[in-house]
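Protein chains in written order, with my numbering: chain A, 354 to 699; chain B, 354 to 699.
We treat Cβ as the ideally placed atom computed from N, Cα and C, and that holds for glycine.
First comes the structure, then the notes that go with it.
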DNA sequence: GTTAGCACTCACAAGGTAAGAGTGCTAACA
DNA sequence: TGTTAGCACTCTTACCTTGTGAGTGCTAAC
């Protein structure tokens with residue numbers, strides 16, 4: 354069931370036109386703009402394409418609209434890779450690195466840049482840190498009954514919590530506890546650390562043990578959980594108001610309600626596989642995303658930790674352009690995070 | 354120009370009805386529901402109220418709508434304080450403290466609870482920390498050429514940055530530097546700390562000085578700036594879709610564009626004075642907020658640091674209920690932050 | 001296989017009409 | 001003098017009708 358060359362061209366033309374205008378496209382329009390034959394000829398071809406499932410018909414007397422199957426074909430086979438020009442790349446890089454001081458910041462910024470360029474809703478998910486390993490643990494006295502529990506991970510991430518103690522603790526006790534913890538936990542991944550029976554692994558005098566069990570261990574666990582948490586950044590939500598498909602207030606509402614359930618969104622997006630993934634309309638398992646397309650791609654930190662970046666938009670989307678930008682951005686993120694890592698070594 | 358009792362009652366009735374329904378209210382409706390006289394009488398009174406500027410008339414044959422002047426009168430003089438029932442209070446407190454592990458978290462949660470109860474868009478701004486003082490500063494070696502710069506503030510806030518060093522530094526050097534910094538900065542407010550000529554205040558050997566100047570000082574300044582930063586949390590944005598006044602896609606768009614400019618929003622809201630402030634429609638200096646009402650109130654951390662909490666909604670708002678909830682929440686926040694503080698002392 | 005021609009379909013905008021809600025005014029009433 | 005009933009008038013809204021334009025599908029000719 355291969356399509357003839359002309360059918361392919363017509364399909365491509367319909368997709369191009371529809372993506373641009375969001376209006377069903379008629380045979381005359383194609384005929385005028387593409388030299389593919391007379392309106393009648395094109396009508397016949399379109400009719401065939403419809404029978405094959407690539408086009409649909411909102412109603413008898415309207416033009417044709419590409420189906421999801423058409424977009425899928427387009428994405429898989431017809432979409433030329435849109436190489437970004439050097440200026441575009443430079444502009445993106447300039448935007449991306451401007452005003453950025455740290456890790457999370459850069460990720461957030463990537464979402465922003467992506468949404469600005471594509472005029473779509475963009476998101477970025479910070480890396481899942483299950484594979485990150487604890488490097489060392491410290492307990493720092495603030496005042497008599499407050500200490501700061503500090504965890505340092507191999508990725509460079511640092512986290513502290515102020516811990517309130519039942520009883521004053523000597524610096525010695527704290528030092529011993531910290532040493533003990535570092536000994537037990539360093540080299541373990543964050544997730545492994547959470548599975549260890551934290552009390553049993555310890556050997557210290559009764560008082561230190563009691564303090565550890567009641568004051569420090571709970572904070573330790575909570576901090577580990579916090580470090581494992583991934584963040585979701587979204588940007589360009591208001592872009593959807595410019596899309597004709599969301600001119601309906603109900604649609605807009607549904608969309609905003611969807612994206613404001615950040616936990617859900619994150620879970621859905623983050624469970625996707627690695628690499629660039631494009632899901633079109635009904636291919637999204639999610640009912641609520643059934644007339645959206647979602648593009649995600651992964652970036653890497655230190656070759657291990659994996660974060661995500663992507664856009665959510667209407668199925669009518671400039672797949673070529675968007676994927677190029679997403680790719681360029683994830684490449685840049687991976688590079689940036691490799692550099693900081695490398696920095697530490699030499 | 355005091356209003357007669359009946360005029361006041363009619364005005365109150367109009368406001369109550371309009372707040373509930375968002376429809377202009379006619380004389381018959383009032384007459385039926387409130388025993389304030391026949392429709393004709395009420396019409397005469399309404400006509401007077403309109404002349405006095407408390408009511409307006411979308412068009413000749415429609416009911417009356419309260420003016421901003423009416424809401425102002427209502428808020429100033431007629432609005433009974435809606436005491437929350439004990440159950441409501443308990444429910445709010447339960448919601449507020451559930452799932453909360455720390456400072457920022459609690460603030461974010463407050464915005465969430467507020468928006469859920471009021472069905473409006475709520476926001477919370479974390480305290481400005483200009484008045485917070487540095488308590489001590491530490492430099493912790495991670496590996497040969499990475500140290501963690503740790504700032505502890507009196508409020509209990511802790512901040513770290515990983516700092517990369519040009520050359521390896523001995524633990525001794527770090528200890529001296531940290532001690533020196535603590536000596537120079539502890540007791541200073543964060544903003545004061547930023548004004549000090551950081552290099553001049555130092556006395557150490559040339560190598561330590563160089564390291565301080567080139568590696569640590571820049572991070573120190575950036576971290577101070579970070580700590581000074583306030584965060585804005587918004588919640589319940591999608592509630593505006595339920596309001597008839599935002600059934601217009603353009604209005605909704607404008608609103609979302611406004612609130613997505615977080616920096617602007619924060620500046621506008623945060624510059625407001627202390628205590629509970631209600632601005633109605635055009636009272637907002639901001640053109641874009643001219644058909645909204647904004648309620649803000651302040652909460653305190655340790656009696657010094659001041660954060661804000663509030664809602665943005667249509668001028669047609671249940672001022673009584675909303676202010677009660679806002680007040681109860683800010684009281685709770687202040688109490689919570691006093692407790693943690695007090696905790697440290699005894 | 002391609003194209004011109006024509007009847008037909010459907011969405012959409014413009015105009016017209018009727019219903020309903022509400023006012024303003026006048027005159028009668030207590 | 002304040003209150004009320006009655007009535008004409010206004011304006012919005014929903015609904016229907018109609019005309020137009022874009023587009024298809026089919027047939028017949030090239």
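Taking a Cβ distance cut-off of 7 Å, strictly less, list which residues of the stretch 573-594 of chain A are near chain B, in chain order.
-> 575, 590, 591, 594
Do the stretch 624-631 of chain A and the stretch 580-597 of chain A meet, that is, are 3 or more Cβ pairs less than 8 Å apart?
-> no
At a CB-CB cut-off below 7 Å, which residues of chain A make contact with residue 613 of chain B?
-> 590, 591
Residue 536 of chain A: first and last residue of the uninterrupted alpha helix (DSSP H) it sits in | 524-538
Does residue 609 of chain B get closer than 7 Å to chain A when you measure Cβ to Cβ?
-> yes
Top-ranked residue by Cα proximity to residue 625 of chain B, from B:610, B:660, B:565 = B:660
Where residue 661 of chain B falls: helix, strand or coil (DSSP) = strand
Taking the C-alpha atoms as reference points, what is the distance between residue 320 of chain A and residue 622 of chain A?
-> Lying outside 354 to 699, the shown extent of chain A, residue 320 of chain A is not represented and no answer is given.
Simplified DSSP assignment, three categories, for residue 512 of chain B | strand
Mapping DSSP to helix, strand and coil, what is residue 652 of chain A?
-> strand
Taking a cut of 7 Å between CB atoms, which residues from the stretch 497-518 of chain B lie near chain A?
-> 499, 501, 505, 509, 511, 513, 515, 517
Indicate the three-state DSSP secondary structure (helix, strand or coil) for residue 694 of chain A in the structure shown.
-> Note that residue 694 of chain A has pLDDT 45, beneath the 50 cutoff, so the model's placement of it is unreliable and no number is given.
Report the three-state DSSP secondary structure of residue 699 of chain A (helix, strand or coil).
-> For residue 699 of chain A, the pLDDT reaches just 30, beneath the cut-off of 50, and the residue's location in the model is therefore unreliable, leaving the point undetermined.
Element boundaries [alpha helix (DSSP H), containing residue 463 of chain B] = 456-471
Look up residue 361 of chain A in the DSSP assignment and give the residues it is bridged to.
-> Answer by DSSP bridge pairing: none, since residue 361 of chain A is not bridged.
When you compare only the Cα positions, how much space is there between residue 681 of chain B and residue 539 of chain A?
-> 45 Å
Return yes when the Cβ of residue 647 of chain B is within less than 7 Å of the Cβ of residue 618 of chain B, no when it is not.
-> no
Which of the three DSSP states, helix, strand or coil, is assigned to residue 700 of chain B?
-> No answer is possible for residue 700 of chain B: the residues shown for chain B start at 354 and end at 699.
Interface flag, residue 606 of chain A vs chain B, CB-CB below 7 Å = yes
Nearest to residue 653 of chain B by alpha carbon, out of B:670, B:559, B:684?
-> B:684
Hey, residue 667 of chain A and residue 598 of chain A: beta-carbon distance below 7 Å or not?
-> yes
Alpha carbon to alpha carbon, how far is residue 640 of chain A from residue 423 of chain A? Give it in angstroms, no decimals.
-> 20 Å
Taking only beta carbons into account, state which residues of the stretch 467-497 of chain B come closer than 8 Å to chain A, listed in chain order.
-> 488, 489, 491, 493, 495, 496
Bridge partners - residue 428 of chain B, DSSP secondary structure assignment | Looking at the DSSP assignment, residue 428 of chain B forms no beta bridge with any residue, so it has no partner.
Between residue 600 of chain A and chain B, is there a C-beta pair that is closer than 7 Å?
-> yes
Buried or exposed: residue 412 of chain B, going by 16 or more other Cβ atoms within 10 Å of its Cβ?
-> exposed
Cβ atoms of residue 492 of chain A and residue 543 of chain A: under 7 Å apart, would you say?
-> no
Span of the alpha helix (DSSP H) holding residue 633 of chain A?
-> Unbroken run through residue 633 of chain A is the beta strand (DSSP E), 630-633; no alpha helix (DSSP H).
Which class does residue 475 of chain B belong to by DSSP, given the choice of helix, strand or coil?
-> strand
Proximity below 7 Å, CB of residue 398 of chain A to CB of residue 360 of chain A | yes
Nearest residue (CA-CA) to residue 425 of chain A, options A:471, A:674, A:634, A:649 | A:634
Among the residues of its own chain, which have a CB less than 6 Å from the CB of residue 387 of chain B, if the five just before and after it don't count?
-> 366
Looking at C-alpha atoms only, which residue of B:467, B:504, B:579, B:474 is the closest neighbour of residue 442 of chain B?
-> B:467
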